[in-house]
Each structure stands twice: as structure tokens, then as C-alpha cells.
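These notes concern the structure reproduced below.
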Amino acid sequence: MKIRIKILLIFAGITISTIMVMSVLVYYFANQHSFEDFYKRLEIRAYLTARASLPYYEADSVIYNEIRDEHLEKLPAEKEYLLQVTGNGNVQQDSSLKLPVSFYQQVLTNSKATYRQGNRFYEGVLYTSKQGLYIVIVSAINQYSADYLAWLRKILLICFVVSSAMLIAVGTFFSRYIFRPIRHIMHQVKSISSRNLHLRLHAKDSQDEINELATTFNNMLDRLETAFETQNNFVSNASHELSTPLTAIIGEAELALNKDRTPENYTAALRSILSEAGRLEHITKSLLHLAQTGFDGKKQDWGKVRMDELLFTIKSTVDKIHPGNKVEIDYSLFPEEEEKLSVNGNEQLLELALSNIVMNAIKYSNNQPVSIALAATDLKILINIKDQGIGIPPADLPYIFSPFFRASNTGLFKGYGIGLPLAMNILRMHKGDIIVESQVNVGTEIRVELPL
Numbered sequence: 001m002k003i004r005i006k007i008l009l010i011f012a013g014i015t016i017s018t019i020m021v022m023s024v025l026v027y028y029f030a031n032q033h034s035f036e037d038f039y040k041r042l043e044i045r046a047y048l049t050a051r052a053s054l055p056y057y058e059a060d061s062v063i064y065n066e067i068r069d070e071h072l073e074k075l076p077a078e079k080e081y082l083l084q085v086t087g088n089g090n091v092q093q094d095s096s097l098k099l100p101v102s103f104y105q106q107v108l109t110n111s112k113a114t115y116r117q118g119n120r121f122y123e124g125v126l127y128t129s130k131q132g133l134y135i136v137i138v139s140a141i142n143q144y145s146a147d148y149l150a151w152l153r154k155i156l157l158i159c160f161v162v163s164s165a166m167l168i169a170v171g172t173f174f175s176r177y178i179f180r181p182i183r184h185i186m187h188q189v190k191s192i193s194s195r196n197l198h199l200r201l202h203a204k205d206s207q208d209e210i211n212e213l214a215t216t217f218n219n220m221l222d223r224l225e226t227a228f229e230t231q232n233n234f235v236s237n238a239s240h241e242l243s244t245p246l247t248a249i250i251g252e253a254e255l256a257l258n259k260d261r262t263p264e265n266y267t268a269a270l271r272s273i274l275s276e277a278g279r280l281e282h283i284t285k286s287l288l289h290l291a292q293t294g295f296d297g298k299k300q301d302w303g304k305v306r307m308d309e310l311l312f313t314i315k316s317t318v319d320k321i322h323p324g325n326k327v328e329i330d331y332s333l334f335p336e337e338e339e340k341l342s343v344n345g346n347e348q349l350l351e352l353a354l355s356n357i358v359m360n361a362i363k364y365s366n367n368q369p370v371s372i373a374l375a376a377t378d379l380k381i382l383i384n385i386k387d388q389g390i391g392i393p394p395a396d397l398p399y400i401f402s403p404f405f406r407a408s409n410t411g412l413f414k415g416y417g418i419g420l421p422l423a424m425n426i427l428r429m430h431k432g433d434i435i436v437e438s439q440v441n442v443g444t445e446i447r448v449e450l451p452l
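Heads up, the sequence shown is in UniProt numbering, so the first residue is 1 and it goes up one at a time.
Structure below.
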């Protein structure tokens, strides 16, 4: 069932139920009021009947009869009874009255009582006259109230049916009106595929939830478009990087087999093939590392990693590969608390990420000084790696974490564009972040943040 129909049914059900309850309450209180009003009229008639039939003075009888007959409306099928109460409390019965004994007892106890038989109502009052103690009973048919309540039932039923129909019609109209922007968005979404990810949803300039939904979806499309472009670039660049050494290997092999050559020529060809094969091996290993860092972290061994010791290990490795390097570790900001030196993670992966960043700093700074600083806050560890190299052009900064992307000013330096993407994947796996600031011909500063 569609959400629009669900909302309509819920809204209509609640409103119709409310109208029904209100109608029942109106009918109930109108019914109660009509009964109370009729009993009050019967009570007045009963006292007038008593004073007219059992007067203290003869003149009173004439006056009360005149008031009763001329000034009060005669009730439908009205009947009057005067029953004398004997000295021992017994009531003289009238054979035409079929009232329960409890009715008479209530009159004697409370001076009045009411009773109902179908649509005939009875009011009894206790009246004391000089002739003795009497129970005066007046009964009548409440025809007016019956007609009024029947009319009220009809009106309430008609109003209930009409209001329910109007409510459903209006609810249907407004539900369609409210969901019109959503249907518009659905129509636009259906037209978007992998071939036209550049399309975006058009929403009204408002601050409602529909506009937020469209904005959120557009942001997702931005990420998808970027991901597709990155994937396409990755495949293109990877194919190019892999085909280059393969082409060189095949060319050297064909050239060596084309005709007989001297041992020196064969040796040179084999060395060239070995060099290109080593390059190919390096690329495939880098791709393997890049793929492994796409895991969710469950397949790697995780534990506490001392970041200060990890930096010392990286410095030792760098010294072996680049003996003349000028990498220095800044100890001035090291945290004093030992617990702020450790993070939860995989030591080999973190070493791979940081060593890639340090190696890049050495390579692109022409062996200028490179500083590594370690600091910590209450929530995270900060590792700052700063060089004095060629820097990164501003136009290239948004793409430096794309696999195989290389800045426009790195043509003279050997590389494959995998180091920074690999480092970014590893840091994201550790819920960390990497922030890059760079100026051309001034240097690059990379800040790594890892949660404690």
C-alpha cells in the first residue's frame, strides 16, 4: 500500500472516529436533557394537580385549575392519579397503575420519584393537605422528545455521511497535492542511470523536507558520479601503467629473438626485461595493497600501536633506503601521558601509510629537510609531516587521493600515483583523516589524525 493511501486512511479514520464519538455524545446529552426537561414539566403538573384537587381553600382549586388548563401546555395522553397514604404508611393502589412498589417507597422516602415505561413517563410527588397525605402521580407520553430525538438522529446521520464523504474527498485531493513533489522527484530519479549521472533533481527553493530530500539525493549523485569517474580513471590509468612495462618487456624479447646477438646484447636485453619486470611487480604489489585496504578491518590483526615507536621504525627504514636523508623527528610536542601515544589499529598498515607519506616528502623535496612532529589532544593523535619540496598545484589538490593520479609538476620524478590513495584508505579504515596543505615551490604539509 502506498504511503499516500496509508496517510489518507489514518487521517480519515481518526477524523471520522472523532466525528462519530462527538455525534454519539451530542445525541446522548440531548436525550438526557429531554428526559430531565420532561420530568420537570411532569413535576410542575403534579404539584398543580395536587393544589387544584386538594386545596386548603375552595378558591385555590379554581385558581390552580385555571393556571393548569389555560397557561400550561397539556401533555400528550396525560393522566393524573391521587393515591392516599394511610396512617400506617400503606398506599391505596389504583388498578390501572402498573408501577413497582419501589416507586412508591421512593416517593415516601424522598418526597418524589420518577419512572418510565417505554415512551410513557411518570412523576410522583408526596403532598400534604388538610384531607391527609397523598401521592400525586402525573404521567404522559414524551412524544415531542421522541420526535425531536428521531429528527436529531437523522440530522446527525446525514451530517456524518456528508462530512465523511467530504473528508475523504478533501483528504484525497490534499494527499495528492502534498505528494506531488515526491512524484515529481520519482519521475526525475527514474530518468537517471549510469549513463547520465550528471543529471540532478530540481526542487523548489524552500526549507521543507522535500527540498532536503532532493538535496540529499543530489549529494549522493555527486558522490556516485565522482566514484564512477574515479573508477573509470583507475581502470584507464591502471591499464596504462601495466601496459607500459609489458610493452617494453615484449619489445626487448622480440628484439633479442629477431636475430643472433652477442652475449653482451643478450645481457643488456635481460637487464632491461628485469628492470621492467621489477617495475611491473611494484605496480601489482601496490595495487594489491590498495585492494587490501578496502576491507572493513575484520581480516587484519588489530591491537594497541605505539605511534612514537612506529615513527622510530619508519625513520630507521628510511635511513636504510635513503642514507643521506634529512628527516628529523620533532620531540617537542610529544604528549607526556603514555596512553596518548597509542591507537587501536594494525601496525603493518599504519607503518605502510605513514612511510608512503614520508617517502613522498623525501622524493618531491629533492632531499631537503623533512620534519615529523607527533602531538595529541584528548580525543586524537596528530602526526604532522612537513617538507620543503615542489608543492602541489591548487588545481591538482582535489585529485591527489585518486589512484594513479600524479600532479602536473611531477613529470621529472618516478612514481605511480598510488602512495597517497593507499595512505588515505588505511587511515579511513582506522577512522582517521588526512589533511593536506601545499604551496608550489614552498612545500607540502600533511596532517594525519587518528582517534585515541
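A virtual CB, placed ideally from N, CA and C, is assigned to each residue, including glycine.
Between the Cα of residue 280 and those of 263, 15, 131 and 248, spot the shortest distance and give me the residue it belongs to.
-> By 1-based counting over the sequence shown, the position of residue 280 is 280. Comparing Cα positions, the closest option is 248.
Within the segment 389-436, note down every full beta strand (DSSP E) run reaching 3 residues or more, in order along the chain.
-> none
Report all residues from its chain with a CB closer than 7 Å to the CB of residue 322; omit the five preceding and five following residues, and keep chain order.
-> Numbered from 1 along the sequence shown, position 322 holds the residue referred to as residue 322. Around residue 322: 362.
Would you be able to state if there are at least three C-beta pairs under 8 Å between the segment 336-356 and the segment 387-398?
-> Segments in contact, no.
Taking Cβ to Cβ, would you say residue 18 is nearer than 7 Å to residue 136?
-> The sequence position of residue 18 within the sequence shown is 18, counting from 1. The sequence position of residue 136 within the sequence shown is 136, counting from 1. Cβ distance not < 7 Å, so residue 18 and residue 136 don't count as in contact.
Span of the alpha helix (DSSP H) around residue 343 = As a position in the sequence shown, residue 343 is number 343, starting the count at 1. Note, residue 343: premise wrong, no alpha helix (DSSP H); beta strand (DSSP E) at 342-345.
To the nearest angstrom, report how far apart residue 168 and residue 35 are at their CA atoms.
-> Within the sequence shown, the letter at position 168 stands for residue 168. Within the sequence shown, the letter at position 35 stands for residue 35. Cα-Cα distance, rounded: 36 Å.
Close-in-space but distant-in-sequence residues of the same chain around residue 171 (CB under 7 Å, 5 per side omitted) | To locate residue 171, count along the sequence shown from 1; it is residue 171. For residue 171, where only same-chain residues beyond five positions count, the Cβ hits under 7 Å are 8, 11 and 12.
Assumed close pair residue 125, residue 111 - CB separation to whole angstroms, cut-off 8 Å = Counting from one through the sequence shown, the residue named residue 125 turns up at place 125. Counting from one through the sequence shown, the residue named residue 111 turns up at place 111. Correct: roughly 7 Å between the Cβ atoms.
Would DSSP call residue 261 helix, strand or coil?
-> The residue given as residue 261 occupies position 261 in the sequence shown. Note: residue 261 maps to coil in three-state DSSP.
Have a look at 103, 224, 318 and 306 and flag the residue whose alpha-carbon is nearest the alpha-carbon of residue 335.
-> Along the sequence shown, read from residue 1 onward, the residue named residue 335 stands at position 335. When each option's Cα is compared against that of residue 335, the closest is 306.
Taking 6 Å as the line, does the beta carbon of residue 360 fall inside it for any heavy atom of the ligand FMN?
-> Absent from the structure shown: the ligand FMN. Ligands present: none.
Candidates 250, 206 and 42, of which the one nearest residue 80 by Cα | Indexing the sequence shown from 1 puts residue 80 at position 80. Distance check between residue 80 and each of 250, 206 and 42 places 42 closest, using alpha-carbon atoms only.
Reference residue 107; option with closest CA among 91, 153 and 98 = Working through the sequence shown from its first residue, we reach residue 107 at position 107. Per the Cα distances, 91.
Using 10 angstroms around the beta-carbon of residue 122, count the other beta-carbons present and answer buried if the total reaches 16, otherwise exposed.
-> The residue given as residue 122 occupies position 122 in the sequence shown. Classification of residue 122: buried, given that the 10 Å Cβ count is 16 or more.
Note down, in chain order, each residue of its chain lying with its Cβ closer than 6 Å to the Cβ of residue 258, except the 5 sequence neighbours on either side.
-> Walking along the sequence shown from the start, residue 258 turns up at place 258. Nothing meets the Cβ criterion.
Nearest to residue 437 by CA position, among 389, 52 and 427, is which residue?
-> On the sequence shown, position 437 is the one that residue 437 refers to. Ranking 389, 52 and 427 by Cα distance to residue 437 puts 389 first.
Give me the Cα-Cα distance between residue 95 and residue 75, rounded to the nearest whole angstrom.
-> Numbered from its first residue, the sequence shown carries residue 95 at position 95. Numbered from its first residue, the sequence shown carries residue 75 at position 75. C-alpha separation (whole angstroms): 22 Å.
Report the rounded CA-to-CA distance for residue 243 versus residue 220, giving the unit in angstroms.
-> For this step, residue 243 is matched to residue 243 along the sequence shown. For this step, residue 220 is matched to residue 220 along the sequence shown. Computed Cα separation, rounded: 34 Å.
What are the start and end residues of the alpha helix (DSSP H) that includes residue 141?
-> Residue mapping note: residue 141 aligns to position 141 of the sequence shown, counting from 1. Here residue 141 belongs to no alpha helix (DSSP H); instead the beta strand (DSSP E) covers 132-141.
Hey, residue 386 and residue 445 are a contact pair by Cβ (cut 8 Å); roughly how many whole angstroms apart?
-> Position 386 of the sequence shown, counting from 1, holds the residue named residue 386. Position 445 of the sequence shown, counting from 1, holds the residue named residue 445. That belief holds up - the Cβ atoms of residue 386 and residue 445 are roughly 4 Å apart, short of 8 Å.
Going by Cα to Cα distance, which pick from 410, 418, 39 and 433 is closest to residue 449?
-> Counting from one through the sequence shown, the residue named residue 449 turns up at place 449. Here the closest residue by C-alpha is 433.
Bridge-paired residues (DSSP) for residue 80 = Position 80 of the sequence shown, counted from the first residue, corresponds to residue 80. According to DSSP, which records beta bridges pairwise, residue 80 is partnered with 138.
Which residues in the same chain have their Cβ closer than 6 Å to the Cβ of residue 269, if we skip the five residues on either side of it in sequence?
-> The residue you call residue 269 lines up with position 269 of the sequence shown. Around residue 269: 252 and 256.
Kindly indicate the opening and closing residues of the beta strand (DSSP E) around residue 115.
-> The residue labelled residue 115 in the question sits at position 115 within the sequence shown. It spans 112-117 - the beta strand (DSSP E) in which residue 115 sits, taken as one unbroken run.
In chain order, what residues of the same chain have a beta carbon less than 6 Å from the beta carbon of residue 340, not counting five sequence neighbours either side?
-> The residue labelled residue 340 in the question sits at position 340 within the sequence shown. Cβ within range, chain order: 376.
Name, in chain order, the residues that DSSP records as bridge partners for residue 305.
-> Reading the sequence shown from its first residue, position 305 is the one you call residue 305. BP columns for residue 305 point to 343.
Over the uninterrupted beta strand (DSSP E) stretch that includes residue 386, give me the two end residues.
-> As a working note, residue 386 is residue 386 in the sequence shown. Looking at the DSSP string, the run of the beta strand (DSSP E) that includes residue 386 is 380-386.
Taking 7 Å as the cut-off, decide whether the C-beta atoms of residue 201 and residue 179 are in contact.
-> Taking the first residue of the sequence shown as position 1, residue 201 is located at position 201. Taking the first residue of the sequence shown as position 1, residue 179 is located at position 179. Not in contact: residue 201 and residue 179 (Cβ atoms no closer than 7 Å).
Is the distance from the Cβ of residue 245 to the Cβ of residue 264 below 7 Å?
-> For the purposes of this step, residue 245 is taken as residue 245 along the sequence shown, with counting starting at 1. For the purposes of this step, residue 264 is taken as residue 264 along the sequence shown, with counting starting at 1. One thing to note: residue 245 has its Cβ no nearer than 7 Å to the Cβ of residue 264.
Under 7 Å, do residue 82 and residue 53 count as touching if we go by C-beta distance?
-> The residue you call residue 82 lines up with position 82 of the sequence shown. The residue you call residue 53 lines up with position 53 of the sequence shown. Yes, the pair counts as a contact, with Cβ atoms nearer than the cut-off.
Quickly, what does DSSP pair residue 255 with across the bridge? List them, please.
-> If you number the sequence shown from 1, residue 255 lands on position 255. Residue 255 pairs with nothing; no bridge assigned.
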